[in-house]
Amino acid sequence: MFQSRQRFIFYVSGIVIMTFGIALTIRSLMGTSPFDALLVGLFQTFGLTIGSWEIVVGLALVLFNAAAQRRKPEYFALLTSLITGMGIDLWLFVLGDLISPITLFGQASCLILGVGFVGLGVAVNLQADFAPNPMDRSMLVINELTGLNVAISRALVSLVLVILAFLFSGPIGIGTLFSALITGVFIKFFMHYTTRLNKNMNTYLKSITP
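FYI, the UniProt record's numbering numbers position 196 of the sequence shown as 196, with every residue one higher than the one before it.
In structure tokens:
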């Protein structure tokens with residue numbers, strides 16, 4: 001029971017931190033990750049909120065993954081899209097006009113901080129191994145169906161997202177390239193600490209469990 005609660009805490013905390021980072025990258029106006037650029041593009045084209053489009057696109061990916069694998073849809077994966085979408089909208093509302101950088105230095109700082117928080121959030125979330133991420137599942141589906149390695153599969157997914165984001169006038173820029181190249185570096189850096197924290201918490205919980 002303690003471990004399940006711990007996993008859920010890591011899961012939600014990771015998403016809260018990650019969505020704060022996503023909001024910062026959006027506010028930087030220098031470009032966001034391919035997936036987030038698509039969400040912003042859909043928001044600018046059709047309305048709704050960016051978080052709402054996170055849920056809609058998440059559902060589309062869940063259905064795509066199920067059709068590709070000829071399996072029942074993993075609707076549980078929508079939990080991740082739902083919480084992520086709510087987190088993005090909440091942080092964008094909270095930040096409001098508090099963070100609206102107009103100088104290049106301010107925008108670059110906002111972008112770097114945003115990508116850093118995204119990396120930290122993902123590193124925390126990975127400790128949970130709770131609900132699958134629809135986009136990551138799509139990457140694994142392509143890997144399974146084509147035999148391509150995970151890196152190439154992820155690159156293909158990112159390429160499709162960039163094309164779609166471009167078609168919907170999403171914020172593609174230097175930040176998009178920066179996110180693609182640097183997010184993994186931040187994740188790897190923070191994973192060292194989140195893994196240690198997870199192990200220490202497991203050890204503590206075992207010591208107090210009768």
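Idealized CB from N, CA, C, for every residue including glycine.
Item                                                                                                                                                                             : Value
Can threonine 194 and serine 33 be called in contact, C-beta distance under 8 Å?                                                                                                 : no
Within the segment 61-129, note down every full beta strand (DSSP E) run reaching 3 residues or more, in order along the chain.                                                  : none
Mapping the DSSP letters down to three states, classify glycine 175 as helix, strand or coil.                                                                                    : helix
CB glycine 121 to CB isoleucine 50, shorter than 8 Å?                                                                                                                            : no
If we ignore side chains and look at the alpha-carbon of each, how far apart do threonine 183 and leucine 126 end up?                                                            : 14 Å
Pop quiz: phenylalanine 20 and phenylalanine 117 are said to be a contact at Cβ under 8 Å. What is the actual Cβ separation, rounded to whole angstroms?                         : 5 Å
In chain order, what residues of the same chain have a beta carbon less than 8 Å from the beta carbon of alanine 37, not counting five sequence neighbours either side?          : Gly31, Leu161, Val162, Ala165, Gly170, Pro171, Ile172, Thr176
Return yes when the Cβ of asparagine 198 is within less than 8 Å of the Cβ of phenylalanine 10, no when it is not.                                                               : yes
With a 10 Å radius around its C-beta and 16 neighbouring C-beta atoms as the bar for buried, classify phenylalanine 76 as buried or exposed.                                     : exposed
Would you mind sorting glutamate 144 into buried or exposed? The rule is 16 or more other CB atoms within 10 Å of its CB.                                                        : exposed
Go to glycine 41, then tell me how far its alpha helix (DSSP H) extends in each direction, as first and last residue.                                                            : 34-46
Alpha carbon to alpha carbon, what distance is there between valine 185 and methionine 201?                                                                                      : 25 Å
Can you tell me which of the three DSSP states residue 280 falls into?                                                                                                           : Absent from the model: residue 280. The displayed extent of the chain is 1 to 210, so no value can be given.
Does the Cβ-Cβ distance between arginine 7 and phenylalanine 130 come in under 8 Å?                                                                                              : yes
Indicate whether alanine 123 and isoleucine 22 have their beta-carbon atoms separated by less than 8 Å.                                                                          : no
Excluding the 5 residues preceding and the 5 following threonine 45 in the sequence, name in chain order all residues of the same chain whose CB lies nearer than 8 Å to its CB. : Phe168, Ser169
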